[in-house]
Ligand code: NAP
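In the numbering used here, the protein residues as written are 62 to 315.
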């Protein structure tokens, strides 16, 4: 039996596990790996879930060998740079074919006022020049650069209640997408938000804030994606399934 390891933590990873199970049935063992950081993750409807880090690239390579993993699809979030680098290193070391499933980034639309920055430190540095009430949609692990900025109220939205925060937000909103444009407009108006900080995650579930910002005429500080290792990339679950089908055919022929 062939064994597919999906590095997950995204809606696409879950959708891929379900589509692969549907396409290949019991002849394909599917494992979906989660970092284990989210307290109540959305779980895939197919495959076996494992949780927790592997112990770096070497640990992942040992897992691939030990569990008889034949193929790896890295469907982690575009900003999860460490696991993506580890996957490239581990697959190079073990010879397991690797595909990166990467949803397309958002692109500015007419009427948008985007300031594209390379990282979170650059986003924080730019903020005081753009507004006085900022909506941070960047994740609990990305807040440290905002600790030193002054004169800007920070409205923070997170999925899980944080254990501790490096900033003192003016408001903390706990919510999980998908979000609607109407809901995001109400939120911008309620808090008097005049600048939005976002990571260029792409995807439909959290894109409504960008439409709302455009409608409200406020600036968006858009943090660009980190660089990814070279290698094959699929933009959709269907493309990833095609890649998997070709690898399975090669394996069957080999
Ligand atoms: P990261 O910085 O790239 O990874 C940090 C460490 O977490 C990795 O070195 C690895 O530990 C472990 N890890 C990450 N993803 C894993 C996975 N799918 N399975 C097993 N271990 C994993 O990642 P991150 O930005 O903290 O993101 C963690 C998870 O949350 C990812 O699965 C990602 O898809 C999801 N996520 C991230 C974001 C984001 O904005 N970064 C947003 C939504 C969802 P070891 O080195 O010990 O193996």
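Note that beta-carbon positions come from the ideal geometry of N, C-alpha and C, so glycine has one too.
Remember, predicted model here, so these are calculated numbers, not experimental data.
Per DSSP, cross-strand counterpart(s) of residue i
i: residue 110; result: 93
i: residue 134; result: 67 and 160
i: residue 193; result: Looking at the DSSP assignment, residue 193 forms no beta bridge with any residue, so it has no partner.
i: residue 294; result: 161
Same chain, Cβ closer than 6 angstroms to residue i, neighbours up to 5 away in sequence not counted
i: residue 293; result: 160
i: residue 192; result: 255 and 256
i: residue 184; result: 178, 258, 282 and 284
i: residue 234; result: 218
i: residue 172; result: 275
i: residue 206; result: 181, 182 and 185
i: residue 131; result: 63 and 64
i: residue 203; result: 181
Boundaries of the beta strand (DSSP E) in which residue i is found, first to last residue
i: residue 176; result: 175–178
i: residue 181; result: From DSSP, residue 181 is part of no beta strand (DSSP E) but of the alpha helix (DSSP H) over 181–187.
i: residue 232; result: 232–235
i: residue 259; result: 256–260
i: residue 98; result: Note, residue 98: premise wrong, no beta strand (DSSP E); not H, not E.
i: residue 217; result: 214–219
i: residue 283; result: 280–284
Beta-carbon contacts of residue i that lie in its chain and below 8 angstroms, excluding the five residues immediately before and after
i: residue 29; result: Any question about residue 29 goes unanswered here, given that the chain covers just 62 to 315.
i: residue 221; result: 99, 100, 101, 201 and 235
Residue i, enclosing alpha helix (DSSP H) - first and last residue
i: residue 250; result: 242–252
i: residue 155; result: 142–155
i: residue 125; result: 117–127
i: residue 275; result: 269–277
Cutoff 7 angstroms; reference residue i; Cβ partners in own chain excluding five residues on either side
i: residue 110; result: 93, 95 and 104
i: residue 167; result: 261, 263, 268 and 271
i: residue 210; result: 185, 188 and 189
i: residue 304; result: 160, 293 and 295
i: residue 237; result: 220
Taking contact to mean at least 3 C-beta pairs separated by less than 8 angstroms, is the region 291–311 in contact with the region 81–94?
The region 291–311 makes contact with the region 81–94, as at least three CB pairs between them are under 8 angstroms.
Assess, as a yes-or-no matter, whether the region 138–153 is touched by the region 111–125 under the definition of 3 or more beta carbon pairs within less than 8 angstroms.
yes
Would you say the region 168–188 touches the region 148–160, given that touching needs at least three Cβ pairs under 8 angstroms?
no
Is it a yes or a no for the region 300–314 touching the region 219–229, going by three-plus beta-carbon pairs under 8 angstroms?
no
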